[in-house]
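Undergrad: Residue numbers (full-length UniProt numbering): 1 to 321.
Just so you know, even glycine gets a beta-carbon here, dropped at the ideal spot from N, CA and C.
Fair warning: this is a prediction, and the values are worked out from it, not measured in the lab.
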């Protein structure tokens with residue numbers, strides 16, 4: 001069983017998402033810098049307005065004092081004092097408006113500072129989150145490549161073991177078949193020799209009986225008997241040789257049987273190794289499934305991170321308006 005996994009597309013997509021997230025983070029950092037510049041500008045405008053208001057108030061009081069001193073009579077002085085009071089009320093109203101504006105600017109400044117702190121914390125959190133995601137992605141890619149290499153190696157080992165076991169089994173089968181054919185041939189030949197010997201013995205018994213009955217027939221009968229007896233001896237020797245050869249064949253068959261048992265044991269051991277390799281492959285498949293699960297979780301975390309970034313970005317845009 002061979003499994004092929006192609007994680008390049010998913011890894012490339014995740015790398016693109018991480019790169020886009022880094023771009024968003026850089027944009028957020030630039031926005032923070034711009035916000036700091038705006039806060040500094042507002043603080044400068046506030047200081048300038050406060051200084052201008054102070055100068056205007058002092059100048060108005062000085063002008064009124066000079067005008068009061070130059071009035072020729074009491075009526076004009078009274079009229080001028082009323083005008084001065086009216087002018088003073090206008091300045092006080094303007095001062096209160098400026099103070100209200102200043103308070104509004106201070107409130108806005110505080111909001112911007114709080115927003116800046118939140119944005120800074122969010123940017124730092126996103127940076128750490130992006131680093132964690134990048135590390136997880138790199139580890140998952142390395143582990144996936146290692147599992148692919150292990151699977152290729154396991155496939156090659158399984159194929160080699162199966163081919164070797166098949167070849168040895170075929171060779172052993174051919175040897176056993178040949179020995180069985182040789183044994184059948186030897187058994188048939190031994191049966192033929194045994195039948196011939198039995199027939200000779202029967203003939204010998206018949207001849208002995210005839211010889212006992214016709215003992216006086218003559219020397220010709222005796223010579224025939226001697227020849228027949230020698231033939232029986234030769235045939236017995238040949239039978240012994242055949243039995244010895246059969247014993248050797250039986251011994252060879254026993255040795256081949258032992259060899260067959262050893263080869264069968266070796267094949268069983270190799271099959272056990274193949275099963276072990278298959279078990280290792282299944283374990284690797286489980287690990288690969290776990291890595292895929294981690295990758296899906298990483299993709300989900302990236303999507304959540306992008307949603308969080310979009311939410312912060314929208315909040316910043318709303319605060320700007």
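1) Is there contact here, the stretch 277 to 293 with the stretch 93 to 100, by at least three beta-carbon pairs under 8 Å?
2) Residue ranges of each alpha helix (DSSP H) run of no fewer than 4 residues wholly in the stretch 132 to 189, ordered along the chain?
3) When you compare only the Cα positions, how much space is there between residue 305 and residue 111?
4) Under 8 Å by Cβ, that's how I've got residue 291 and residue 143 pegged, so tell me the actual separation to the nearest angstrom.
5) So residue 175 packs on residue 253, CB below 8 Å; how close in whole Å?
6) What's the gap between the Cα of residue 327 and the Cα of residue 259?
7) Using the Cβ count rule (16 or more neighbours within 10 Å means buried), how would you classify residue 122?
8) Can we say the stretch 258 to 273 touches the stretch 156 to 167, given the rule of at least three CB pairs closer than 8 Å?
9) Just to confirm my understanding: we take residue 153, look at its own chain, exclude 5 residues before and 5 after, and list those with CB closer than 6 Å. What are they?
10) Cβ of residue 249 within 8 Å of Cβ of residue 183?
11) So which of 161, 178, 267, 104 has the shortest CA-CA distance to residue 277?
12) Within 10 Å of its beta-carbon, does residue 173 have 16 or more other beta-carbons around it, so buried, or fewer, so exposed?
13) For residue 267 versus residue 140, is the C-beta distance shorter than 8 Å?
14) Out of curiosity, what's the CA-to-CA distance linking residue 261 and residue 166?
15) Could you round the C-beta distance between residue 281 and residue 124 to whole angstroms and report it? I think they count as a contact, below 8 Å.
16) Check this for me: beta carbons of residue 302 and residue 133, under 8 Å apart or not?
17) Among residues of its own chain, excluding the 5 on either side of residue 118, which ones have a beta-carbon nearer than 7 Å to its beta-carbon?
TA: Well, looking at it:
1) Contact between the stretch 277 to 293 and the stretch 93 to 100 is absent: fewer than 3 CB-CB pairs across the two stretches fall below 8 Å.
2) none
3) Residue numbering aside, residue 305 sits at position 305 when the chain shown is read from its first letter. Residue numbering aside, residue 111 sits at position 111 when the chain shown is read from its first letter. One C-alpha to the other measures close to 25 Å.
4) For the purposes of this step, residue 291 is identified with residue 291 of the chain shown, where counting begins at 1. For the purposes of this step, residue 143 is identified with residue 143 of the chain shown, where counting begins at 1. With 8 Å as the limit, residue 291 and residue 143 qualify as a contact, their Cβ atoms being about 6 Å apart.
5) Along the chain shown, read from residue 1 onward, the residue named residue 175 stands at position 175. Along the chain shown, read from residue 1 onward, the residue named residue 253 stands at position 253. Not really, about 11 Å apart at Cβ, beyond 8 Å.
6) The shown model of the chain, from 1 to 321, leaves out residue 327, and the question about it has no answer.
7) If you number the chain shown from 1, residue 122 lands on position 122. Classification for residue 122: buried.
8) yes
9) Numbered from 1 along the chain shown, position 153 holds the residue referred to as residue 153. Around residue 153: no qualifying Cβ.
10) Here residue 249 refers to the residue found at position 249 when the chain shown is read from its first residue. Here residue 183 refers to the residue found at position 183 when the chain shown is read from its first residue. Closer than 8 Å, so yes.
11) In the chain shown, residue 277 corresponds to position 277, counting from 1. Selected option, being the one with the closest Cα: 161.
12) Sequence index remark: in the chain shown, residue 173 carries index 173 (1-based). Burial is judged here by how many other beta carbons sit within 10 angstroms of a residue's own beta carbon; residue 173 has fewer than 16 and is exposed.
13) Here residue 267 is taken as the residue at index 267 of the chain shown, counted from 1. Here residue 140 is taken as the residue at index 140 of the chain shown, counted from 1. Cβ atoms of residue 267 and residue 140: not closer than 8 Å.
14) By one-based count along the chain shown, residue 261 stands at place 261. By one-based count along the chain shown, residue 166 stands at place 166. Roughly 16 Å separates the two Cα atoms.
15) Walking along the chain shown from the start, residue 281 turns up at place 281. Walking along the chain shown from the start, residue 124 turns up at place 124. Wrong, their Cβ atoms sit about 44 Å apart, outside the cutoff.
16) Here residue 302 is taken as the residue at index 302 of the chain shown, counted from 1. Here residue 133 is taken as the residue at index 133 of the chain shown, counted from 1. Contact flag set, yes.
17) The residue labelled residue 118 in the question sits at position 118 within the chain shown. Counting only Cβ-Cβ distances below 7 Å, and skipping sequence neighbours, we find nothing.
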